[in-house]
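Read the structure below first, then the notes.
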Amino acid sequence: MGEDNVVAEDDEFSVRIEFDSRELVISAIKSYTISRGVDYTVYESKPQTFYVKCKGYGAGYDWLIRASLIRKKACWEIRRYNDKHTCTMGTISQDHVKLDSDTIAEAIRPLFEANPSIKLKCIIAEVQFRFNFTVSYRKAWLAKQKSVAKIFGDWEISYQTLPVWLKAMTVKMSRSRAQIKTLPFYRESEKVQGVRVLHHIFWSFYPCIAAFRHCKLLVQVDGMHLWDQNIVPIAFAIVEGETADAWEFFLTNLRRYVVTNDGVGIIFDCHTFIDAVVAHSNGAWSPPRAWHMYCIRDIGSNFLRRFKAPYLHKLVVNIGYSRTEQEYNKNYQRLKEWG
1 MGEDNVVAED DEFSVRIEFD SRELVISAIK SYTISRGVDY TVYESKPQTF YVKCKGYGAG
61 YDWLIRASLI RKKACWEIRR YNDKHTCTMG TISQDHVKLD SDTIAEAIRP LFEANPSIKL
121 KCIIAEVQFR FNFTVSYRKA WLAKQKSVAK IFGDWEISYQ TLPVWLKAMT VKMSRSRAQI
181 KTLPFYRESE KVQGVRVLHH IFWSFYPCIA AFRHCKLLVQ VDGMHLWDQN IVPIAFAIVE
241 GETADAWEFF LTNLRRYVVT NDGVGIIFDC HTFIDAVVAH SNGAWSPPRA WHMYCIRDIG
301 SNFLRRFKAP YLHKLVVNIG YSRTEQEYNK NYQRLKEWG
């Protein structure tokens with residue numbers, strides 16, 4: 001029984017073929033119709049029966065298949081089958097209505113187990129190769145989310161597991177740091193006792209904390225993209241969004257547990273909430289304990305995007321890299337002359 005007996009030798013179903021479960025029956029019928037570019041309508045779907053007919057049944061086509069649960073055998077069995085499905089879907093399409101996200105999720109599961117970071121374009125290509133249909137970006141995305149849930153658990157399970165995981169991390173690496181902020185849970189207007197809602201999470205692995213002690217005193221935040229092999233991640237957070245409360249939570253814990261040195265440089269783009277948190281940090285992120293800096297590469301990219309002047313881009317970057325006031329004035333004067 002099982003997937004090895006899905007169809008007969010000629011790739012057709014036959015009466016008395018057995019399946020381990022109702023899900024395998026439905027999956028086999030879907031795969032059959034997708035591979036042949038045909039379609040069906042569910043005529044009866046009950047806990048003990050699954051019965052479908054050709055989409056064009058009664059209009060010259062009589063394909064149907066009926067499977068039932070056989071309790072004595074503890075399996076599902078094909079009880080009725082009308083030969084080959086000979087009709088077509090009637091319209092030419094790059095997609096197939098039965099090639100849904102559940103079917104794709106099951107098909108790509110081995111790929112996802114081997115590479116959880118697989119890209120959507122690779123999923124679309126794999127579906128095209130296996131089924132000869134090109135699915136939409138949205139359908140591929142939904143399939144990926146369902147594969148994540150099947151392999152690693154859904155969001156609710158992850159939520160419940162997270163505190164345990166953080167506790168295990170701090171036990172295994174005792175000098176790692178983790179902070180969880182929760183809020184009361186209300187049902188209508190009443191506070192529910194013993195139930196809290198996840199709000200913010202901060203953590204830093206001890207190897208990251210230790211590594212920072214040997215790095216240049218420079219911290220980059222605010223999701224700015226810097227590409228370099230020498231960048232060390234030092235802290236992580238899960239928050240509800242880029243709010244003042246979220247940034248205060250993150251920067252406070254970052255200062256308390258990781259960036260304890262004075263004279264540190266902090267890079268962040270102009271951001272109202274970060275500016276507000278820094279201004280009210282009791283000096284923790286203000287001179288002389290910390291100095292706000294800008295990323296020269298980010299400034300150069302923003303300049304090029306705004307003014308579309310590649311011939312001036314290098315001058316702007318050179319101004320940022322100026323090491324003396326004289327060098328700065330020279331580069332700035334050239335920018336004024338050329339701009």
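Residue 46 in the UniProt record's numbering sits at position 46 of the sequence shown; the count goes up by one each step and never skips.
Positions of the beta carbon are idealized from the N, C-alpha and C atoms, including for glycine.
Please read these numbers as outputs of a predicted model, since none were measured by experiment.
| query | result |
| --- | --- |
| Three-state class that DSSP yields for Met169 in the structure shown | helix |
| Helix, strand or coil at Ala67 according to DSSP, with G and I counted as helix | strand |
| Local conformation of Ser31 per DSSP, three classes | helix |
| Three or more C-beta pairs below 8 Å linking the region 65 to 82 and the region 36 to 52 | yes |
| Delimiting residues of the alpha helix (DSSP H) encompassing Cys270 | No alpha helix (DSSP H) contains Cys270, which DSSP labels as neither H nor E. |
| Rounded separation between Tyr257 and Arg177 - CA only | 7 Å |
| Closest Cα partner of Asp100 within the set Ile108, Gln193, Arg71 and Lys139 | Lys139 |
| Beta-bridge partners of Ile234, as assigned by DSSP | Paired residue(s): none; Ile234 is not in a bridge. |
| Simplified DSSP state of Ala105, which is helix, strand or coil | helix |
| Any non-hydrogen atom of the ligand COA within 7 Å of Glu337 CB | The ligand COA is not part of this structure, which contains no ligands at all. |
| The region 162 to 175 touching the region 132 to 148, judged by at least three CB pairs closer than 8 Å | no |
| Three-state class that DSSP yields for Thr252 in the structure shown | helix |
| Cα-Cα separation, Phe268 to Phe185 | 34 Å |
| Straight-line gap, Asn329 to Phe129 (C-alpha atoms, nearest Å) | 60 Å |
| Residues sharing a beta bridge with His200, DSSP | Lys181 |
| Cross-strand partners of Trp76 (DSSP beta bridge) | Phe19 and Leu69 |
| Arg289 in three-state terms, based on DSSP | coil |
| Close-in-space but distant-in-sequence residues of the same chain around Thr103 (CB under 6 Å, 5 per side omitted) | Lys30 |
| Burial state of Arg196 (16 or more Cβ within 10 Å) | exposed |
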